[in-house]
Each structure stands twice: as structure tokens, then as C-alpha cells.
Amino acid sequence: MDAAAQTNESFRTVSALPPAELAAFLAVAQYGGFRIAGRNTGLSSSAVSHAVASLETRLSVQLFRRTTRSVSLTEAGRTFFERVAPAVAEIAKAVSELGDYAHRPTGMLRINADATAAEQVLEPLILDFIKAYPDMRVEIVSERRLVDIAEDGFDCGIRTAALVPSDMVSVPIGPMQQHIVVGSPAYLADSAALKSPADLARHRCIQLRMPSGVPYRWEFQAKGEVVTVETHGGLVLDNSRLIMAAAIAGFGLGYITRWMAGPALAAGALQQVLTDWTPAYPGLCLYYPKHRHMSVGMRAFLAFARRQSSNGPPAQEP
Numbered sequence: 008m009d010a011a012a013q014t015n016e017s018f019r020t021v022s023a024l025p026p027a028e029l030a031a032f033l034a035v036a037q038y039g040g041f042r043i044a045g046r047n048t049g050l051s052s053s054a055v056s057h058a059v060a061s062l063e064t065r066l067s068v069q070l071f072r073r074t075t076r077s078v079s080l081t082e083a084g085r086t087f088f089e090r091v092a093p094a095v096a097e098i099a100k101a102v103s104e105l106g107d108y109a110h111r112p113t114g115m116l117r118i119n120a121d122a123t124a125a126e127q128v129l130e131p132l133i134l135d136f137i138k139a140y141p142d143m144r145v146e147i148v149s150e151r152r153l154v155d156i157a158e159d160g161f162d163c164g165i166r167t168a169a170l171v172p173s174d175m176v177s178v179p180i181g182p183m184q185q186h187i188v189v190g191s192p193a194y195l196a197d198s199a200a201l202k203s204p205a206d207l208a209r210h211r212c213i214q215l216r217m218p219s220g221v222p223y224r225w226e227f228q229a230k231g232e233v234v235t236v237e238t239h240g241g242l243v244l245d246n247s248r249l250i251m252a253a254a255i256a257g258f259g260l261g262y263i264t265r266w267m268a269g270p271a272l273a274a275g276a277l278q279q280v281l282t283d284w285t286p287a288y289p290g291l292c293l294y295y296p297k298h299r300h301m302s303v304g305m306r307a308f309l310a311f312a313r314r315q316s317s318n319g320p321p322a323q324e325p
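Residue numbers for the sequence shown follow our numbering, so the first one is 8 and each next one is one higher.
Listed below in C-alpha cells is the structure:
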């Protein structure tokens with residue numbers, strides 16, 4: 008008999024034994040009587056006796072010797088108990104361990120984010136989460152294009168609030184963000200003055216290529232006026248870190264987040280221009296599908312993100 012056939016035969020044999028009858032047999036064997044077995048299992052002694060008798064009929068074997076004063080295992084009953092009791096204990100252990108999985112954060116958490124968002128949350132959020140829950144594994148896929156996180160198998164996404172799809176539950180997890188225009192001191196010293204976004208037409212701008220292939224249009228706002236500018240220059244890149252490096256090198260102006268530019272600004276390698284035209288806007292949000300079942304790990308991550316966040320109102324459902 009091959010392994011598959013043996014497995015099928017074993018399954019048919021075991022499935023023919025009602026669990027209640029098997030449990031009654033084990034209880035009587037362990038406690039040494041029907042009455043005491045009933046007390047310890049919450050059943051009447053007659054119910055236990057009936058279940059054992061039914062099992063004996065089903066197996067066509069007498070498992071216990073019964074007298075008016077005692078109940079003891081027959082040789083067949085003892086052999087059966089010695090083989091079955093450890094197996095049942097293993098099953099109980101397996102069920103208990105499944106319960107641990109149901110309540111202990113474990114397994115894989117898949118997160119979709121753009122590269123800048125991934126950088127911002129890696130150390131203060133992701134690494135601390137893994138330290139707090141060492142049984143969890145986290146995979147971050149960073150890409151600029153927006154994806155359907157439910158369709159593509161992600162547990163959640165992390166983007167700026169403006170990019171979160173309207174049908175998602177959104178949880179703010181960070182402070183306000185700000186995109187700013189920067190240039191090196193050397194570049195700015197030899198270039199035309201910048202008083203408004205219109206002055207960018209006289210400047211070399213380092214452009215960001217969007218996933219669609221179209222250069223990103225720089226956005227500005229001041230005193231209720233919103234302006235979108237199509238910039239020009241001799242360099243198009245698809246990564247904000249590269250744009251910052253080119254700006255530091257003096258090639259032209261870059262449009263990047265204050266978070267990314269912060270160290271270079273502090274060191275004097277970059278200077279900010281058009282300061283009145285780049286207000287802060289709502290920052291990063293963790294988002295996830297509204298109606299999908301949430302794993303224990305995802306629930307733990309959501310609670311952890313809320314605790315870690317410096318901007319923690321409750322989730323806003325669409």
C-alpha cells in the first residue's frame with residue numbers, strides 16, 4: 008500500500024470513531040471509573056458509560072472489565088490507551104499552538120510605499136515594530152506608482168494623505184510634510200532672483216520623471232493662490248535622492264521634501280527659495296482595505312503605528 012492509500016485508510020478509520028466516545032474512553036482509563044470520569048468531564052456517569060459501551064461495540068473489542076466495585080482496562084484496552092493517549096495529547100497540543108497563532112502577532116506583513124515614505128518610516132516605525140514583535144517579518148515594496156494593495160497582495164500602504172484612495176481606511180502616522188525648492192549656494196549666487204514661481208522659467212530645474220513618463224509639475228500655493236509650473240532643465244531623474252545630489256552639485260534647482268533636504272540645509276549645502284510658496288500639507292498615512300479581514304499581525308502593526316505616531320487621531324473611514 009502506497010503512502011497516499013495508507014493515509015486515506017487511516018483517515019477513514021479515525022473518522023469512524025466519534026470524538027465523544029474516544030474522549031469518554033480516555034477519561035475512564037485515566038481516572039479509573041465512570042463516576043469520577045463524569046465528574047471531571049462534566050458529564051453524567053451514565054453518559055460516560057454509554058459512550059464507552061458504544062465505542063466497544065464499534066470496535067468489537069471489550070476495553071474495560073466491569074465489576075460492581077471496580078473498572079479496569081483489559082489487555083486490549085491498555086494497548087489501545089497506550090497508543091491513543093499520546094496521539095490525542097499531540098492533537099491537543101497542536102490545537103493549543105494554533106490558538107497561539109490566532110493571538111500572537113506572527114507571519115509576514117507586506118507594505119507598499121513610495122521610496123521616500125519607506126525611508127521615513129523604516130527606522131522610527133518598521134524596525135521598532137520588528138523589535139517589539141520578533142515573530143513578525145516585514146516586506147516593504149517601494150514604488151512610485153499607486154497600486155491596488157488588496158489586488159496585489161499587500162496588507163497596507165503608506166503614502167501622503169493626498170494619495171490615499173478614497174475607499175481605504177486611512178490612519179495618519181506622521182507629522183506634516185512639505186515640498187520645497189532648493190539649490191546650492193553657488194548656483195543661487197550666479198542665477199536670477201526668485202520671487203515667485205513664474206521666475207522658475209529663467210532657471211535650470213532638475214525634473215522628476217513620473218511613472219507615466221511625464222515630468223512632475225511643481226506645485227505652489229500662497230495666499231489662496233494655487234500655481235502649477237511646468238519646469239525645464241537639462242536633467243530628468245526618477246529618484247528624489249538623485250535630484251538632491253544634483254542640486255548639491257550645483258546643477259540647478261530641485262523640488263524635494265524638507266525631510267530629505269534637512270541635513271543638507273543644516274550643513275549649508277543647500278538653500279531654500281520661494282519659501283512663501285511651499286506650505287506644509289498633511290503627512291504620511293497608513294491605509295488598508297475597509298472590508299478585508301485583518302490578520303493579527305496587521306492589527307498589531309496598526310496599533311503600534313498609532314502609538315508611535317506624533318499625529319494620532321482615530322482612523323477615518325470613507
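Don't be surprised by glycine CBs; every beta carbon is placed ideally from N, CA and C.
Residue interval of the alpha helix (DSSP H) (run including residue i)
i: P26; result: P26 to Y38
i: V188; result: Where V188 is concerned, there is no enclosing alpha helix (DSSP H), although the beta strand (DSSP E) it sits in stretches over H186 to G190.
i: L309; result: V303 to Q315
Residue i vs residue j beta-carbon contact at 9 Å
i: S247; j: T123; result: yes
i: V95; j: L29; result: yes
i: G304; j: L129; result: no
i: L277; j: V189; result: yes
i: V78; j: R85; result: no
i: Q184; j: A287; result: yes
i: V148; j: R313; result: no
i: P204; j: V234; result: yes
i: V127; j: A92; result: The displayed chain sequence assigns Gln, not Val, to residue 127. No, the pair does not count as a contact, with Cβ atoms beyond the cut-off.
i: W225; j: V243; result: no
i: L62; j: A31; result: yes
i: M251; j: A274; result: no
i: H210; j: G240; result: yes
i: T264; j: I187; result: yes
i: P112; j: D142; result: yes
i: P25; j: A54; result: no
i: D159; j: S302; result: no
i: R152; j: D245; result: no
i: S52; j: R42; result: yes
i: A169; j: P270; result: no
i: L201; j: Y262; result: no
i: L281; j: F227; result: yes
i: V68; j: A83; result: yes
Opposing strand residues paired with residue i [DSSP bridges]
i: T339; result: A question about residue 339 goes unanswered here, because the residues of the chain that appear run from 8 up to 325.
i: F227; result: V234
i: V178; result: L293
i: H210; result: Note: H210 sits in no beta bridge, so no partner.
i: P222; result: R216
Whole-Å CB distance - residue i paired with residue j, under 8 Å assumed
i: G164; j: I118; result: 7 Å
i: D206; j: A196; result: Wrong, their Cβ atoms sit about 16 Å apart, outside the cutoff.
i: M175; j: Y294; result: 4 Å
i: V145; j: I137; result: 6 Å
i: I213; j: L272; result: Contact flag wrong, Cβ pair sits at about 16 Å.
i: Q315; j: L132; result: 6 Å
i: A60; j: T48; result: Actually they do not touch by this definition, with Cβ atoms about 16 Å apart.
i: D283; j: A229; result: 5 Å
i: A307; j: Y194; result: A307 to Y194, Cβ: 47 Å. No contact.
Distance cut-off 8 Å: residue i Cβ against heavy atoms of the ligand ZN
i: I165; result: As far as ligands go, the structure on display features none, and thus does not contain the ligand ZN.
Delimiting residues of the beta strand (DSSP E) encompassing residue i
i: L244; result: L242 to L244
- [ ] Taking only runs that begin and end inside the segment 248-292, name each unbroken alpha helix (DSSP H) of 4 or more residues, in chain order.
- [x] Correct list: 265-274.
Open item on the list: Could you tell me which whole alpha helix (DSSP H) segments of length 4 or greater appear in the segment 31-98?
Closed with: 41-48 and 52-66
- [ ] Output the residue ranges of the alpha helix (DSSP H) runs that lie fully inside the segment 106-170 and measure 4 residues or longer, sorted by chain position.
- [x] 122-128 and 135-139
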